[in-house]
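Trainee: To start, I am sharing the structure in question, which I have written as structure tokens.
Number of protein chains: 2
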Amino acid sequence: MSFQKKLKAAAVGNNSLLCVGLDPVPERLPDAVMGKDDPVLYFNKKLIDATADLVCAYKPNFAFYGALGEIGWSTLKATVEHIPSHIPVLVDAKVGDIGSTAERYAHMFFGELAADALTVNPYMGGDAVAPFLEYSGGAVEAAERCVFLVCLTSNPGADDFEKLAIDGCPLYRRVAEKALEWNAVAPCGLVVGATQGKAIRGLRELAPELPFLLPGVGTQGGDLESAVRQGQFASGGGLLVNASRGVIYASDDSDFETAARRAAEALRAAINRFRSPPPG
Amino acid sequence: MSFQKKLKAAAVGNNSLLCVGLDPVPERLPDAVMGKDDPVLYFNKKLIDATADLVCAYKPNFAFYGALGEIGWSTLKATVEHIPSHIPVLVDAKVGDIGSTAERYAHMFFGELAADALTVNPYMGGDAVAPFLEYSGGAVEAAERCVFLVCLTSNPGADDFEKLAIDGCPLYRRVAEKALEWNAVAPCGLVVGATQGKAIRGLRELAPELPFLLPGVGTQGGDLESAVRQGQFASGGGLLVNASRGVIYASDDSDFETAARRAAEALRAAINRFRSPPPG
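Each protein sequence line maps, in turn, to chains U and Y.
Numbering of the first sequence is given in the numbering used here, commencing with residue 394 and proceeding in unit increments.
Numbering of the second sequence is given in the numbering used here, commencing with residue 394 and proceeding in unit increments.
So, in structure tokens, the structure goes:
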């Protein structure tokens, strides 16, 4: 099944465009998990169990596992394996390097980790992206995965390079144009910050059929209504609205699971208010 | 001691601007190491022992360790620990993400791994770079590390975005200009592909005192003479000329150590021919 079909099935099944970012920081874990063998894994499993019927995808960010040192890889792998197989897993790593190195990252995330989708930084251009589109060693075939190109991000630094104009056209749109070309090789998506206002509409017009990962709602303060209305497909959907800290740290007490569930329910409902056609 | 001083001391001590990339692929290891407990680590240690008096730095690329799965982190950490303490370690990971995530990558590479320097992808702008400049949790202080910004790379895809002109100034020069600003916060360097001809001279004129990591000699076919002559400081040095596959896979037989040493000696000598003032 293609990534987009898997995503749509999860979105319809759970009536949700919410993607939960599994980005645990050891210092922020609730006391209730601290005695466990692998506290981060225990925390993640409880969060997944509490929210798996409320999301369209999960997005673990590799940095949070790499920073754990030696235990990081097994924690990430066991986390991914705990996610129900019908929910897509988008690994956020924003990698990008020359071909022989990019092939190793593709092997890491698509081969060893069996991710459904991966974020890739486009700065180094087409031959640095190609190995992610073409990797053939994993359990999931290339046509069933999705490569999300970092396009227009939610942070203030997006002004530094992403929005610079090349003959009147901002760099991030050049990235989106290339992503449309690369999408002919294997399925692509775009990372589009929820804080980016009407630029989201422009990108949706340019790339009407590429899925968008929308980070930046919640902690980063993006305007949810505008992001959802402008970012969704004409037919609805096509969006992964990501929230991390607002959900996983909804409570730092022993009620962290129910608090995460409540936060996820509230966000799902908030997103659904702005979907058209309305879900259901 | 600042990164630049440490680099200079190693370069003078070993009469070398050669940086060896430790990028092992399990399938390419010599038969002679295959029976070992951790073949990649054994291979790396032998390579380091064979070349530590010939290099100014080592550059392990994280992708090659991440791709090993569960053993990757301990292999990378033990590799870094095996490098003599007077030789700088530049970890190549080309990471970049919003602040809270970038802080985790900084913790991973500067905190847990105690790298002297790290490559960072600038696409997401200043606040995505800042956590690498400001990280304070490691054994090495910020002022003693170096953040190498991916600027102009050696691959054909450099044409896709890096060379696009913004008001007549290519994007990669905008990156270099920002790196000069960031260098006021903590020491920065630039990744400049050895294949990039006279653009290297232009970047050296723009940033006369930032160290350049020059990948792309050897397998990638960069012009060594032009890269060294145009990339070095006016006073000489300031360059890490990287070679990976040409050194570490100089032989796939039991003589891999002596072959790597010979390849490193030849490259060091080839680089030294183009240094001015001449070394020694």
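Where is the CB? At the ideal position from N, CA and C, for every residue including glycine.
Everything numeric in this text was worked out from a predicted model, so none of it was measured.
1) Say whether chain Y places a C-beta atom closer than 8 Å to the C-beta of Lys452 (chain U).
2) So with Cβ pairs under 8 Å, would you call Leu469 (chain Y) a contact of chain U?
3) I want to verify the contact list: residues of chain U whose CB lies under 9 Å from the CB of Trp575 (chain Y), in sequence order.
4) What residue from U:Leu526, U:Ala507 and U:Met394 has the CA that sits closest to Asp495 (chain U)'s CA?
5) To test your reading of the DSSP string, which unbroken alpha helix (DSSP H) runs of 4 or more residues are found completely within the stretch 409-467 of chain U?
6) If you measure between the beta carbons of Ile480 (chain Y) and Ala532 (chain Y), is that distance less than 8 Å?
7) With DSSP run on the structure shown, which of helix, strand or coil describes Leu557 (chain U)?
8) Could you spell out the range, first to last residue, of the alpha helix (DSSP H) harbouring Gly519 (chain Y)?
9) According to DSSP, is Thr512 (chain Y) helix, strand or coil?
10) Given a cut-off of 8 Å, decide if Ala572 (chain Y) and Gly548 (chain U) are closer than it, judged by their beta-carbon atoms.
11) How many Å lie between Ala486 (chain Y) and Val488 (chain U) at the Cα?
12) When you compare the CB of Ala643 (chain U) with every CB in chain Y, is at least one pair closer than 8 Å?
13) Per DSSP, what are the beta-bridge partners of Cys562 (chain U) in this structure?
14) At a CB-CB cut-off below 8 Å, which residues of chain U make contact with His475 (chain Y)?
15) Can you determine whether any heavy atom of the ligand ZN sits closer than 7 Å to the C-beta of Tyr498 (chain U), and answer yes or no?
16) Interface residues of chain U around His500 (chain Y) at Cβ under 8 Å?
17) Can you give me the Cβ contacts of Met394 (chain Y) inside the same chain, cut-off strictly under 8 Å, excluding the 5 residues immediately before and after it?
18) Considering only the alpha carbon of each residue, which of U:Asp446, U:Asp616, U:Asn576 and U:Tyr435 lies closest to Ile593 (chain U)?
19) Can you give me the Cβ contacts of Asn454 (chain U) inside the same chain, cut-off strictly under 7 Å, excluding the 5 residues immediately before and after it?
20) With DSSP collapsed to three states, give me the class of Leu378 (chain Y).
21) For the beta strand (DSSP E) that Val585 (chain U) lies in, which residues bound it at each end?
22) To which residues does DSSP link Asp485 (chain U) through a beta bridge?
23) Measure the C-alpha to C-alpha separation of Phe649 (chain Y) and Thr588 (chain U) and round it to an integer number of angstroms.
24) Can you check which of these residues, Y:Leu511, Y:Leu506, Y:Lys556 and Y:Tyr516, is closest to Ile491 (chain Y) by C-alpha distance?
25) With 8 Å set as the bound, which would you pick, yes or no: does the beta-carbon of Pro515 (chain Y) sit closer than that to a beta-carbon of chain U?
26) How many angstroms separate the CA atom of Asp560 (chain Y) from the CA atom of Asp560 (chain U)?
27) Is Leu469 (chain Y) helix, strand or coil by DSSP?
28) Considering only the alpha carbon of each residue, which of Y:Gln397, Y:Pro419 and Y:Glu658 lies closest to Ile464 (chain Y)?
29) Excluding five sequence neighbours on each side, which residues of the same chain lie with their C-beta closer than 7 Å to the C-beta of Lys438 (chain Y)?
30) Looking at C-alpha atoms only, which residue of Y:Gly586, Y:Asp553 and Y:Val568 is the closest neighbour of Gly611 (chain Y)?
31) Under the rule that 16 or more other beta-carbon atoms within 10 Å means buried, what is Thr512 (chain U), buried or exposed?
32) For a test of the three-state rule: what should DSSP assign to Phe340 (chain U), helix, strand or coil?
33) For chain Y, check one thing: does any of its Cβ atoms lie closer than 8 Å to the Cβ of Asn407 (chain U)?
34) Can Ala652 (chain Y) and Ala662 (chain Y) be called in contact, C-beta distance under 8 Å?
35) Alpha carbon to alpha carbon, how far is Gly631 (chain U) from Ala542 (chain U)? Give it in angstroms, no decimals.
36) When you check each C-beta in the stretch 527-556 of chain U against every C-beta of chain B, which residues fall closer than 8 Å?
Mentor: Answer, in terms of the structure:
1) no
2) no
3) In chain order: nothing, as chain U lies at least about 10 Å away.
4) The residue asked about is misnamed: residue 495 (chain U) is Ala in this sequence, not Asp. It is U:Leu526.
5) 432-444 and 455-459
6) no
7) coil
8) Gly519 to Glu527
9) strand
10) Correcting the residue identity first, residue 548 (chain U) is Asn in this sequence and not Gly. Against a cut-off of 8 Å, the Cβ pair of Ala572 (chain Y) and Asn548 (chain U) comes out as no contact.
11) 8 Å
12) no
13) U:Ile559
14) Here the premise fails: no neighbours, minimum Cβ distance about 16 Å.
15) Ligands are entirely absent from the displayed structure, and the ligand ZN is therefore not among its contents.
16) Ala460
17) Ala402 and Glu537
18) U:Asp616
19) Gly414, Asp416 and Asp485
20) The structure shown does not extend to residue 378 (chain Y), since chain Y is modelled only from 394 to 673, so the question has no answer here.
21) Cys581 to Val585
22) U:Asn454
23) 53 Å
24) Y:Tyr516
25) yes
26) 8 Å
27) helix
28) Y:Pro419
29) His475
30) Y:Gly586
31) buried
32) Because chain U spans 394 through 673 in this model, residue 340 (chain U) falls outside it and cannot be assessed.
33) no
34) no
35) What sits at residue 542 (chain U) in the sequence shown is Leu, not Ala. Rounded to whole angstroms, Leu542 (chain U) to Gly631 (chain U) spans 15 Å at the Cα level.
36) As a matter of chain content, chain B is missing from the structure shown, whose protein chains are U and Y.
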